[in-house]
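Student: Position in the sequence shown (from 1) plus 4 gives the number in the working numbering. Let me begin by handing over the structure; questions about it come next.
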Amino acid sequence: MESTQKQFTVADAIVKELVNEGVETAYGIVSIHNMPIYDAILREGSIDLVCARGESGAVNMADGHARSTGKLGVAITSTGTGAGNAAGSLVEAWSAGVPLLHITGEVSSEQIGTGRGYIHECKNQLQMMEGACKKAYQLKVPEQATGFIRKAIKEAFQTPSGPISVEIPIDYQSAIIPDTPIYDELASSSSTQEEFIVPEAVVQTMKEAKRPVLWVGNGAILSGASEQIRQLAEMTDAPVITSQSAKGIIPEDHPQCIGHFGASPETKQFLANADLLISIGVRFRSNETSGWSVEVPENHITIDADYLAVSRNYEAKYGVVGDIKTVVESLVTQLEASGYTKPGGEYSEEVQQLRETLRAKLRETLGPYENILDSMRNRLDEKTIFVRDVTIPANVWGSRLFEIYKPRHSIHASGGGIGQALPTGIGAQKANPDKRVVVLAGDGGFMVNIGELATAVQENLPMIILVFDDSGYGVLRNIQDAAYGRQVAVDLVSPDFVQLAHSMGIESTRVGSADAFDQALEKATESDKMTLIVVDMEAVGPMAKPFGGPPGVASSFQPKKIK
C-alpha cells in the first residue's frame, strides 16, 4: 500500500516548535548547512527572518530581543566557522542569563568526527558550543526532533536561565519524520503554585533589623519582580543598591534607589553600618564589588532562584530559594501580617542623603559631559531602551546617572566584551517597534560590529546611535596610565563615521560641544528615521576627573608574587 504520509521534516519540526513558543523573529545568516531550516521558516510564513552580517551580531540581536522582552531569543547560524563566530556572543548571553536558542548546523551525520575535510567541518564543535553556552546538544535521532527542540527551549528558561545551543546535522534537517504531537502536562496544567511560606527565622531577622539594605540583581529582572521589590523597599525603608543589569528594577528617581554604586566608598561605609543585607538575584560580580572588597553585614539573607547562588561570593546566614517574585511577594505579606514596623525617621533621611551624595560627587567629575547627560535625560522619554557598550561614558555615567524608570529598559554587556551594543540594540529595537532604542558606544567598540549598520538599515529601524569618539580604547588608556604610567595598543584609526552613515542613507552629524549635541539629539528624537550622532570627545574636552577604570582594577596589574 502506498504511503500517504505528509512530507514533514526535521526542519519543519523545529519551526513548528518555534511557532508554538510564540517566536515571531529569528536572527541569523543563511548557509548551505542551515538552508532546510530557512526554507521551512519561509514555507511556514509567520516568523520574520532578520539577515545579520555576522554570526556574532546575529546572536547579539537575539540577545537584545530576549532581554528587552523576556521572551525567547532565536539565532540561526552555520556550522564550523559560523558556529565559532557565534561563540563570543553566546558567552555574553550566558553571562546575563538570557533565555536564547542557538540553532546551528553540523556536517553530515556520518562525517562527524572523521576529520575527512567535509566542508565547514569543525573538530569537537559540540564541545566548543558547550563551553560558550549553558548547555549544548546534538540531535542524534531525527524522529525525536520535536521533543529535542521543545526540551531545549524549556531548558533555556529554567533556572539559571541561559543560552542553549542545538546542532542539527545537515542530512537530518531534510529527513522525513512523523509529525507526532507531544502533549506537555506541565505546560497544560491548570494547577497553581501553592503559596510560598518564608521561614519564621527569616521574617524575625528582618523584623529585628534597624538598618536593612537591599542589593538587587538581574535575577529580579528575569523573575518580573519589580513591583514586589519596590513594595519591600518602601515597607523596610531600605536603600536599593542594584547591579548594572538590574537598573530600572525600581524607578531610578525613587528616593530609596541607590543604583549601581555598590563599590563606591560611601556605599561601602553605609554597608559597614548596616545590620542586615538582603541580596536578591544578584551575583556580586568582581567589577561591581571592587574585587569583592566590599564588606557585607554578618546578617545576610540571600533570595535567589538558583541553589548555587547561596554563599557563592558572600556567606549568607539564610538562603531562600524559589521564584524571586513569589518569594518577595510572600515576604511582604508575612511582614505585614507580623505587625512589622519600619525604621523610619533618621534612617530614611540617611538613605536619601547617601543617594544624593553619590550622585553629586560623580557629577562633579563629568565636566562638559554633565550637560550631555542632562540633554539625554531631558530629550529621551521614559520608554527609551538604553543599550550601552563598554566605554567611558557608559562606565562613568551611563550606568549610574542616566535614570531608567522601568525594568528591561537598560541593557549592557554583562560579560564585559566590547562591540556588542549595536547588534544588541538592533534586536531590542526589532522586538519593540513602539519604543525608541538608544545605543551608546565608543569608536573602538563600534567598529567591532559596524557591518550590522547595514542590517539596521535593511530593517528600517528608527534607532538613535551615539558614538563617543576619542580615537581609541579610552577605558584601557586610563587603566594603563594608572597601572604602568604608559600606553600601548590603544590608539585607533577609524573611518569618517558621518560619511559612512550617509553612504547607507542614515542621518548623521558630528558634534563638538554639549550645545551642539543637544540640538542634534532634539532633531533625532523628532525624526522617525535612524540617526547617528558622533561626539568628538577631543573637541568637547576632558572630564573634570579622568576615569581610571572600575574600582581597584589598576592594582590587579602591579607586579606581585603569587602564593
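Heads up, the beta-carbon is just placed ideally off N, CA and C, and yes, glycines get one too. Just so we're clear, the structure is a prediction, and the values are computed from it rather than from any experiment.
Please determine, among Ser334, Lys251 and Ser290, the residue with the shortest C-alpha to C-alpha distance to Gln235.
Tutor: Of the candidates Ser334, Lys251 and Ser290, the one whose C-alpha sits nearest the C-alpha of Gln235 is Ser334.
Student: In the structure shown, what three-state DSSP assignment does Leu275 receive?
Tutor: In this structure, Leu275 counts as helix in the three-state DSSP scheme.
Student: Beta-carbon separation of Thr306 and Gly266 under 8 Å?
Tutor: No, they are not a contact pair.
Student: Quick check on the DSSP output: what are the complete beta strand (DSSP E) runs of length 3 or more inside the region 220-266, in order along the chain?
Tutor: Listed in chain order, they are 244-246 and 261-263.
Student: Per DSSP, which one or two residues make a beta bridge with His1?
Tutor: The question about residue 1 has no answer, for the chain in this structure spans 5 to 567.
Student: From the DSSP output, which residues share a beta bridge with Val78?
Tutor: Leu105, per the DSSP bridge assignment.
Student: Quick check on the DSSP output: the beta strand (DSSP E) that includes Thr184 runs from which residue to which?
Tutor: Run containing Thr184: none; DSSP gives neither H nor E here.
Student: Okay, do the region 451-463 and the region 421-429 touch, 3+ Cβ pairs below 8 Å being the bar?
Tutor: Verdict: yes, contact present.
Student: Report the option in Val14, Leu76, Tyr42 and Ala62 whose CA atom is closest to the CA atom of Glu28.
Tutor: Of the candidates Val14, Leu76, Tyr42 and Ala62, the one whose C-alpha sits nearest the C-alpha of Glu28 is Leu76.
Student: Distance check for Ile469 and Ser414, CA to CA, integer angstroms please.
Tutor: Computed Cα separation, rounded: 15 Å.
Student: Tell me whether Val19 sits in a helix, a strand or coil according to DSSP, three-state version.
Tutor: Helix.
Student: Hey, Val394 and Gly326: beta-carbon distance below 8 Å or not?
Tutor: No. Outside cutoff.
Student: Which same chain residues end up closer than 7 Å to Gly509 when comparing Cβ atoms and leaving out the 5 residues on each side of it in sequence?
Tutor: Hits under 7 Å: Val461.
Student: Which partner residues of Glu511 appear in the DSSP bridge assignment?
Tutor: DSSP, once it has assigned bridges, lists Thr535 as partnering Glu511.
Student: Assess, as a yes-or-no matter, whether the region 110-121 is touched by the region 167-175 under the definition of 3 or more beta carbon pairs within less than 8 Å.
Tutor: Cβ pair count under 8 Å is three or more, so yes.
Student: Can you grab the Cα-Cα spacing for the pair Val391 / Ile376, in whole Å?
Tutor: Spanning the two alpha carbons is a distance of roughly 17 Å.
Student: From what residue to what residue does the alpha helix (DSSP H) around Ala445 run?
Tutor: Counting along the chain, Ala445 falls outside any alpha helix (DSSP H), though it belongs to the beta strand (DSSP E) covering Val441 to Gly446.
Student: Do you know how far the Cα of Met132 is from the Cα of Pro397?
Tutor: About 34 Å.
Student: Quick one: Cα of Ala156 to Cα of Ile168, how far?
Tutor: Their Cα atoms are separated by approximately 6 Å.
Student: Could you give the C-beta distance for Val497 and Leu480, rounded to a whole number, given that I count them as a contact under 8 Å?
Tutor: Actually they are not in contact, since the Cβ atoms of Val497 and Leu480 sit about 16 Å apart, beyond 8 Å.
Student: Is the separation between the beta-carbon of Asn2 and that of Phe551 shorter than 8 Å?
Tutor: Missing from the structure shown is residue 2; the chain here goes from 5 to 567 and no further.
Student: Could you pull out every residue in the same chain whose Cβ sits closer than 6 Å to the Cβ of Phe161, ignoring the five residues on either side in sequence?
Tutor: Taken in chain order, the residues that qualify are Pro103.
Student: At the level of alpha carbons, what is the spacing between Gln562 and Pro40?
Tutor: Near 54 Å, if we compare the C-alpha coordinates of Pro40 and Gln562.
Student: Mark Gly223 as exposed unless 16 or more other C-beta atoms lie within 10 angstroms of its C-beta, in which case mark it buried.
Tutor: It is buried - the Cβ of Gly223 has at least 16 other Cβ atoms within 10 Å.
Student: By the DSSP assignment, the beta strand (DSSP E) with Ala140 in it spans what residues?
Tutor: Per DSSP, Ala140 belongs to the beta strand (DSSP E) from Lys139 to Gln142.
Student: For the region 82-93 against the region 140-158, are there 3 or more C-beta pairs whose distance is under 8 Å?
Tutor: Taking 8 Å as the limit for Cβ pairs, the verdict is that the region 140-158 does not touch the region 82-93.
Student: Nearest-angstrom Cα distance between Phe200 and Val207?
Tutor: Near 13 Å, if we compare the C-alpha coordinates of Val207 and Phe200.
Student: In the DSSP output, which residue or residues are listed as bridge partners for Ile284?
Tutor: DSSP, once it has assigned bridges, lists Val220 and Ile307 as partnering Ile284.
Student: Which one or two residues does DSSP pair with Arg392 in a beta bridge?
Tutor: Note: Arg392 sits in a beta bridge opposite His416 and Leu444.
Student: Is it true that the region 313-331 meets the region 350-368, where meeting means three or more beta-carbon pairs spaced less than 8 Å apart?
Tutor: The region 313-331, when compared against the region 350-368, does not touch it at the 8 Å Cβ threshold.
Student: Would you kindly report the start and end of the unbroken alpha helix (DSSP H) that includes Asp438?
Tutor: Unbroken run through Asp438: none, as it is neither H nor E.
Student: Confirm, please, whether the CB-CB distance from Ile233 to Val78 is below 8 Å.
Tutor: Taking 8 Å as the Cβ cut-off, Val78 and Ile233 do not qualify as a contacting pair.
Student: Whose C-beta lies closer than 6 Å to the C-beta of Thr3 among residues of the same chain, with five residues either side of it excluded?
Tutor: Residue numbering for the chain in the displayed model covers 5 to 567; residue 3 lies beyond these limits and cannot be assessed.
Student: Which residue spans inside the region 111-154 form an unbroken beta strand (DSSP E) run of at least 3?
Tutor: List check, beta strand (DSSP E) in window: 139-142.
Student: If you run the structure through DSSP and keep just helix, strand and coil, what is Thr196?
Tutor: The predicted position of Thr196 is uncertain, since its pLDDT is 48 and thus under 50; a value taken from the coordinates is nonetheless stated next. Three-state DSSP puts Thr196 in coil, outside helix and strand.
Student: Do you know whose CA, among Ala229, Gly489, Trp98 and Ala543, lies nearest Ala70's CA?
Tutor: Out of Ala229, Gly489, Trp98 and Ala543, Trp98 has the C-alpha closest to the C-alpha of Ala70.
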